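Undergrad: Encoded as structure tokens, here's the structure I'll be asking about.
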Amino acid sequence: MSRYAVGAAAVRDYCARYRDLIDDWPAFAEVIVAPLPTCIWANPARISAAGLSDLLAGEGLVSQPMGWQPTGLRLAAGVRAGRHWWYCAGLAHAQEEASQLPVTLLDLAPGQRVLDLCAAPGGKTAQIAFALDNRGTLLANDFAPERIKALVGNLDRLGVVNAAVTCHDGANYPTAAGQFDRVLADVPCTSEGTLRRNPDQVRRLEGQPSERLAARQRALLRKAVQRCRPGGRVLYSTCTFAPEENEFVVADILAELDGRLNLLPLQVPGLTTAPGVTDWRGRRLDPALEQCLRLWPHQNDTGGFFVALLEKDRTLPCEPDAVVAAAEIEPGDREWLEWTNARFGLSSEAWSAWRIHRQTRRGLHLIAADLAAPAHPRPEGRGLFFQRTNVRPTKLTTAGALLFGPHAQCHRLELDAAQRDAFLGRKTLTPAPAQVRDLTPGQVLVTYRGFALGLAVWHRSGELESLFPRRWSGCTAGSDDAD
Ligand SMILES: C[S@@+](CC[C@H](N)C(=O)[O-])C[C@H]1O[C@@H](n2cnc3c(N)ncnc32)[C@H](O)[C@@H]1O
1 MSRYAVGAAA VRDYCARYRD LIDDWPAFAE VIVAPLPTCI WANPARISAA GLSDLLAGEG
61 LVSQPMGWQP TGLRLAAGVR AGRHWWYCAG LAHAQEEASQ LPVTLLDLAP GQRVLDLCAA
121 PGGKTAQIAF ALDNRGTLLA NDFAPERIKA LVGNLDRLGV VNAAVTCHDG ANYPTAAGQF
181 DRVLADVPCT SEGTLRRNPD QVRRLEGQPS ERLAARQRAL LRKAVQRCRP GGRVLYSTCT
241 FAPEENEFVV ADILAELDGR LNLLPLQVPG LTTAPGVTDW RGRRLDPALE QCLRLWPHQN
301 DTGGFFVALL EKDRTLPCEP DAVVAAAEIE PGDREWLEWT NARFGLSSEA WSAWRIHRQT
361 RRGLHLIAAD LAAPAHPRPE GRGLFFQRTN VRPTKLTTAG ALLFGPHAQC HRLELDAAQR
421 DAFLGRKTLT PAPAQVRDLT PGQVLVTYRG FALGLAVWHR SGELESLFPR RWSGCTAGSD
481 DAD
């Protein structure tokens, strides 16, 4: 018997506790042990969903539009998106279909100030960033430093410049951060809804009762509501089935706020959903809790998710605005920029959307021109680390090369498919004379099918040395900070 078959029986047995909540138990029992389709969304800053779908077809990958989520695509189960060049180039992000739901319900628009309280590894943060058109102020917080590395890696690869990252206990998020138009509380949970991806996790679940997590979830939702401005919205979400972590948490916070917080009705055209649970293990909730929304795996062939959208009473008093952290450069920094501008022929138009900021001795970060991060809690990072200045000559990072790609006028080198794979595998290659006709030796921005892949050095010997980060080759989404 395979390891998976053992897992399947255990998963079904475990989930049977929710049998009475599920409209079609046989369908659920079949799907909960079936492999999960791979789902991605197209990075709107780089490619449309239709363009990505065509590109994938050219690579022999069949994709289906999600329909309800305009940038989302479904691929076959087992496709490892992170191993493909288009993923390394930041054209897409892999995110389970159900997990793409919460951000689409936040009614986001450019100009809003947004807090993502439990952000790592950042799929939803990146969705928010692009819903804000990569402008304005988005705070992405998580209390786990090692998970923040993955978050920053994803934001770098996708070219997010409007996010500031903080590492803080979300349940004690400082008042000094100010209030936000929208707050996402995608809280830690028992993750029962991810059992299709990781059936072995069922063993861990048996020892982790939901009640233990519920106190932390309530604390996080309570703080999310405090940090929301009057009239603003909070989206509470989990990827778990247990009502103790879902409707019960929302009901408790609604009761604490006693009429100053309202649950909003939710609808997602194109997705089959179920209402919130109001009667579970002896506890009966207000029927209004039915306005929460559940996504059971068998309904749309996804993982499981729970969402609740809350609006804070607009007549409540507003708190003072946050003190904004300064974004500064040092006197010599303009010279580094001039070097990069001259080498790659970057247009002044590209720079109008960005500001630069020196956060570390290693180099410069690029931030959205109107990003106004609070001074407290002190951001771990703001925007995207794009230029290393502690090396001679100064050097773009891979994240910088991906971002500048469409704006670069010179020292671009288009690779063929074999060269692309060699570049991503950090191998040295020798381009044909026709490919390098317009280049002078030194740094070049390499592209494939017109999309930037990263940075290389073209030597007088005719060899092209890949500077693709070791941690990204092979292919993960990590940051190239250490290279
Ligand atoms: C469900 S995951 C978030 C997933 C993320 N929103 C995404 O879409 O990629 C929950 C996250 O909450 C973080 N977390 C747990 N307790 C926290 C706390 N007290 N404050 C802030 N973050 C916390 C965990 O480190 C974890 O990264």
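Per full-length UniProt numbering, the very first residue in the sequence shown carries number 1; after that it's consecutive. C-beta atoms are modelled at their ideal positions from N, C-alpha and C, and glycine is treated no differently. No experiment lies behind these values; they were computed from the predicted model shown.
When every heavy atom of ligand 1 is checked, does at least one fall within less than 7 Å of the C-beta of ALA325?
TA: The sequence position of residue 325 within the sequence shown is 325, counting from 1. Checking the Cβ of ALA325 against ligand 1 gives no.
Undergrad: State buried or exposed for CYS318, treating a residue as buried only when at least 16 other CB atoms are found within 10 Å of its CB.
TA: Here the question's residue 318 lines up with position 318 in the sequence shown. Exposed, by the Cβ-count rule.
Undergrad: Using the C-alpha atoms, what's the distance from HIS411 back to PHE344?
TA: Position 344 of the sequence shown holds residue 344. Position 411 of the sequence shown holds residue 411. Cα to Cα, the separation comes out at about 6 Å.
Undergrad: Hey, quick one: how far does the beta strand (DSSP E) through SER237 stretch, first residue to last?
TA: As a working note, residue 237 is residue 237 in the sequence shown. First-last of the beta strand (DSSP E) with SER237: 228–238.
Undergrad: Between the C-alpha atoms of GLY231 and ASP23, what's the straight-line distance to the nearest angstrom?
TA: Counting from one through the sequence shown, the residue named residue 231 turns up at place 231. Counting from one through the sequence shown, the residue named residue 23 turns up at place 23. The straight-line gap from Cα to Cα measures roughly 35 Å.
Undergrad: Roughly how many angstroms separate the alpha carbons of GLY136 and LEU73, rounded to a whole number?
TA: For this step, residue 136 is matched to residue 136 along the sequence shown. For this step, residue 73 is matched to residue 73 along the sequence shown. Distance between the alpha carbons of GLY136 and LEU73 is about 27 Å.
Undergrad: For the beta strand (DSSP E) that ASP181 lies in, which residues bound it at each end?
TA: Start at 1 with the first residue of the sequence shown, and residue 181 comes out as number 181. Per DSSP, ASP181 belongs to the beta strand (DSSP E) from 180–186.
Undergrad: Between which two residues does the beta strand (DSSP E) holding GLU414 run?
TA: Locating residue 414 in the sequence shown gives position 414, where the first residue counts as 1. Counting along the chain, the beta strand (DSSP E) containing GLU414 begins and ends at 412–414.
Undergrad: Just verifying my parser: in three-state terms, what is the DSSP assignment at ARG222?
TA: Residue 222 sits at position 222 when you count from the first residue of the sequence shown. The answer is helix: DSSP assigns ARG222 an H, G or I state.
Undergrad: Note down the Cα distance separating LEU464 from ILE47, rounded to an integer number of angstroms.
TA: Numbered from 1 along the sequence shown, position 464 holds the residue referred to as residue 464. Numbered from 1 along the sequence shown, position 47 holds the residue referred to as residue 47. In a straight line, the C-alpha of LEU464 is about 27 Å away from that of ILE47.
Undergrad: Does the distance between the C-beta of ALA171 and the nearest non-hydrogen atom of ligand 1 fall short of 7 Å?
TA: Against the sequence shown, residue 171 aligns to sequence position 171. Correct: ALA171 has its Cβ closer than 7 Å to ligand 1.
Undergrad: Where GLN291 and ALA42 are concerned, what is the direct C-alpha to C-alpha distance, given to the nearest angstrom?
TA: Working through the sequence shown from its first residue, we reach residue 291 at position 291. Working through the sequence shown from its first residue, we reach residue 42 at position 42. When rounded, the distance between both Cα atoms is 30 Å.
Undergrad: Which full runs of the alpha helix (DSSP H) of 4+ residues lie inside the region 131–212, going along the chain?
TA: Fully enclosed alpha helix (DSSP H) runs of 4 or longer: 145–158 and 202–206.
Undergrad: Looking at the structure shown, is GLU311 part of a helix, part of a strand, or coil, going by DSSP?
TA: By one-based count along the sequence shown, residue 311 stands at place 311. Correct three-state label for GLU311: strand.
Undergrad: Taking just the CA atoms, how far does TRP351 sit from LEU337?
TA: One-based indexing of the sequence shown puts residue 337 at position 337. One-based indexing of the sequence shown puts residue 351 at position 351. So the two alpha carbons sit approximately 11 Å from each other.
Undergrad: Which residues does DSSP list as the beta-bridge partners of SER466?
TA: On the sequence shown, residue 466 is found 466 positions in, with the first residue counted as 1. Paired residues: ALA456.
Undergrad: Can you list, in chain order, the residues of its chain whose CB lies under 6 Å from that of SER237, leaving out five sequence neighbours each side?
TA: Counting from one through the sequence shown, the residue named residue 237 turns up at place 237. These residues qualify, in order along the chain: PRO102, ASP186 and VAL307.
Undergrad: What number of angstroms, rounded off, separates the C-alpha of LEU55 from the C-alpha of PRO406?
TA: Indexing the sequence shown from 1 puts residue 55 at position 55. Indexing the sequence shown from 1 puts residue 406 at position 406. Approximately 17 Å between the Cα atoms of the pair.
Undergrad: May I have a chain-ordered list of the alpha helix (DSSP H) segments no shorter than 4 residues that lie completely inside the region 250–301?
TA: Runs found: 297–300.
Undergrad: For CYS212, which of ALA375, GLY60, ALA242 and LEU295 has the nearest alpha-carbon?
TA: In the sequence shown, residue 212 corresponds to position 212, counting from 1. According to the sequence shown, residue 212 is Arg rather than Cys. Considering only alpha carbons, the answer is ALA242.
Undergrad: Under 8 Å, do TRP458 and LEU439 count as touching if we go by C-beta distance?
TA: For the purposes of this step, residue 458 is identified with residue 458 of the sequence shown, where counting begins at 1. For the purposes of this step, residue 439 is identified with residue 439 of the sequence shown, where counting begins at 1. Contact: yes.
Undergrad: Taking only heavy atoms of ligand 1 into account, decide whether any of them is closer than 7 Å to the Cβ of PRO379.
TA: Numbered from 1 along the sequence shown, position 379 holds the residue referred to as residue 379. Incorrect: PRO379 has no Cβ contact closer than 7 Å to ligand 1.
Undergrad: Is DSSP giving HIS407 helix, strand or coil here?
TA: For the purposes of this step, residue 407 is taken as the residue at position 407 of the sequence shown. It is helical.
Undergrad: Since PHE423 is in the alpha helix (DSSP H), which residue starts that stretch and which ends it?
TA: Taking the sequence shown and counting its residues from 1, one reaches residue 423 at position 423. Taken as a continuous stretch (DSSP letters only), the alpha helix (DSSP H) holding PHE423 covers 417–424.
Undergrad: Would ARG182 be called buried (16 or more neighbouring beta carbons within 10 Å of its own) or exposed?
TA: As a position in the sequence shown, residue 182 is number 182, starting the count at 1. Label assigned to ARG182: buried.
Undergrad: Note the first and the last residue of the continuous beta strand (DSSP E) segment covering LEU75.
TA: In the sequence shown, counting from the first residue as 1, residue 75 sits at position 75. 72–75 is the extent of the beta strand (DSSP E) around LEU75.
Undergrad: Taking 7 Å as the line, does the beta carbon of ASN246 fall inside it for any heavy atom of ligand 1?
TA: Numbered from 1 along the sequence shown, position 246 holds the residue referred to as residue 246. No - ligand 1 has no heavy atom lying nearer than 7 Å to the Cβ of ASN246.
Undergrad: With a 10 Å radius around its C-beta and 16 neighbouring C-beta atoms as the bar for buried, classify GLN409 as buried or exposed.
TA: Within the sequence shown, numbered from 1, the residue matching residue 409 stands at position 409. Counting Cβ neighbours within 10 Å, GLN409 comes out exposed, since fewer than 16 surround it.
Undergrad: Measuring straight from C-alpha to C-alpha, what distance separates LEU424 and ARG358?
TA: Locating residue 424 in the sequence shown gives position 424, counting from the first residue. Locating residue 358 in the sequence shown gives position 358, counting from the first residue. Going from the Cα of LEU424 to the Cα of ARG358 covers about 29 Å.
Undergrad: Spell out a yes or no on whether the region 5–17 and the region 154–173 are touching, meaning 3 or more CB-CB pairs, one atom from each, closer than 8 Å.
TA: No contact exists between the region 5–17 and the region 154–173.
Undergrad: Take THR273 as the anchor and find which of GLN299, ARG284, VAL250 and ASP279 has the nearest alpha-carbon.
TA: Reading the sequence shown from its first residue, position 273 is the one you call residue 273. Checked all of GLN299, ARG284, VAL250 and ASP279; the closest Cα to THR273 is GLN299.
Undergrad: Quick one: what does DSSP say TRP85 is sitting in, helix, strand or coil?
TA: Against the sequence shown, residue 85 aligns to sequence position 85. Correct three-state label for TRP85: helix.
Undergrad: If you draw a straight line from the C-alpha of GLU330 to the C-alpha of ALA251, how long is it?
TA: If you number the sequence shown from 1, residue 330 lands on position 330. If you number the sequence shown from 1, residue 251 lands on position 251. Straight-line Cα distance between these residues: approximately 51 Å.
Undergrad: Using a Cβ-based criterion (distance less than 7 Å to any ligand heavy atom), does CYS39 qualify as near ligand 1?
TA: Within the sequence shown, residue 39 is the residue found at index 39, counting from 1. Checking the Cβ of CYS39 against ligand 1 gives no.
Undergrad: Please report the residue range of the beta strand (DSSP E) in which SER63 lies.
TA: Numbered from its first residue, the sequence shown carries residue 63 at position 63. Looking at the DSSP string, the run of the beta strand (DSSP E) that includes SER63 is 63–65.
Undergrad: Using 7 Å as the cut-off, classify the Cβ of ARG294 as near or not near the heavy atoms of ligand 3, replying yes or no.
TA: As for ligand 3, it is missing from this structure, which binds only ligand 1.
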